[in-house]
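A.B. asks: A single structure is presented below for examination.
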Amino acid sequence: MSGFRPWQATGKTKHSVAVKSSCANGHEHDSKREAKRCDQLHMLAKGGAISDIVSQPFYAFGTAKMANGHRAGVTLDFGYTEDGKPVVEDVKGGSKKADSRDWPLRKAMFAYFYPGIELREVRKV
Ligand SMILES: [Zn+2]
Numbered sequence: 001m002s003g004f005r006p007w008q009a010t011g012k013t014k015h016s017v018a019v020k021s022s023c024a025n026g027h028e029h030d031s032k033r034e035a036k037r038c039d040q041l042h043m044l045a046k047g048g049a050i051s052d053i054v055s056q057p058f059y060a061f062g063t064a065k066m067a068n069g070h071r072a073g074v075t076l077d078f079g080y081t082e083d084g085k086p087v088v089e090d091v092k093g094g095s096k097k098a099d100s101r102d103w104p105l106r107k108a109m110f111a112y113f114y115p116g117i118e119l120r121e122v123r124k125v
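All the letters of the sequence shown, read from the start, carry residue numbers 1 to 125 under this note's numbering.
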């Protein structure tokens, strides 16, 4: 069999937060925090503070490709417009220690390729 992935050997998933959680809008999110944040964002949208909410937007790092042929980039949790400006968010654990090891690099690459978009790390949901 091909397709063996090291993290399957221990029965753990690749991400530490594996439980899917649905929000009030019926989406499936990767974590409870994310589902809760989605609900908060939709409340903000109802109140008119933000608009154009998107889930899991992908931002390519130029035309860079990874060894598997996929485009290199970062998938964030949410994107929206606030005061006419684009904002993206990634919902993180309460502690920076829980961040994935490549997050600082992805964050730096995002800032380099998308200087006009504000990236917010949301730790308190
Ligand atoms: Zn949602």
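Positions of the beta carbon are idealized from the N, C-alpha and C atoms, including for glycine.
Assuming residue 91 and residue 34 form a contact by the criterion Cβ under 8 Å, report the distance between their Cβ atoms to the nearest whole angstrom.
C.D. replies: The residue given as residue 91 occupies position 91 in the sequence shown. The residue given as residue 34 occupies position 34 in the sequence shown. Going by Cβ atoms, the distance from residue 91 to residue 34 rounds to 5 Å, so yes, they are a contact pair.
A.B. asks: Report buried or exposed for residue 77, applying the criterion of at least 16 other Cβ atoms within 10 angstroms of its Cβ.
C.D. replies: The count along the sequence shown starts at 1 and reaches residue 77 at position 77. Residue 77 comes out buried.
A.B. asks: Under 8 Å between the Cβ atoms of residue 86 and residue 116?
C.D. replies: Indexing the sequence shown from 1 puts residue 86 at position 86. Indexing the sequence shown from 1 puts residue 116 at position 116. Their beta carbons are under 8 Å apart, which means residue 86 touches residue 116 by this criterion.
A.B. asks: Helix or strand or just coil, what does DSSP make of residue 59?
C.D. replies: Along the sequence shown, read from residue 1 onward, the residue named residue 59 stands at position 59. If DSSP states are grouped into helix, strand and coil, residue 59 belongs with the strands.
A.B. asks: Under the DSSP definition of a beta bridge, which residues are partnered with residue 89?
C.D. replies: On the sequence shown, residue 89 is found 89 positions in, with the first residue counted as 1. In the DSSP output, where bridge partners are listed per residue, residue 89 has 78, 120.
A.B. asks: Whose beta carbon lies closer than 5 Å to any heavy atom of ligand 1, going through the chain in order?
C.D. replies: Those satisfying the condition are, in chain order, 23, 25, 27, 38.
A.B. asks: Would residue 89 and residue 125 qualify as a contact pair, given that the criterion is a beta-carbon distance under 8 Å?
C.D. replies: In the sequence shown, the residue the question calls residue 89 occupies position 89. In the sequence shown, the residue the question calls residue 125 occupies position 125. In this structure, residue 125 does not lie closer than 8 Å to residue 89 by Cβ.
A.B. asks: Quick check on residue 65: does DSSP put it in helix, strand or coil?
C.D. replies: Translated into positions along the sequence shown, residue 65 becomes position 65. Three-state result, residue 65: strand.
A.B. asks: Any idea what DSSP makes of residue 52, helix, strand or coil?
C.D. replies: On the sequence shown, residue 52 is found 52 positions in, with the first residue counted as 1. The answer is strand: DSSP assigns residue 52 an E or B state.
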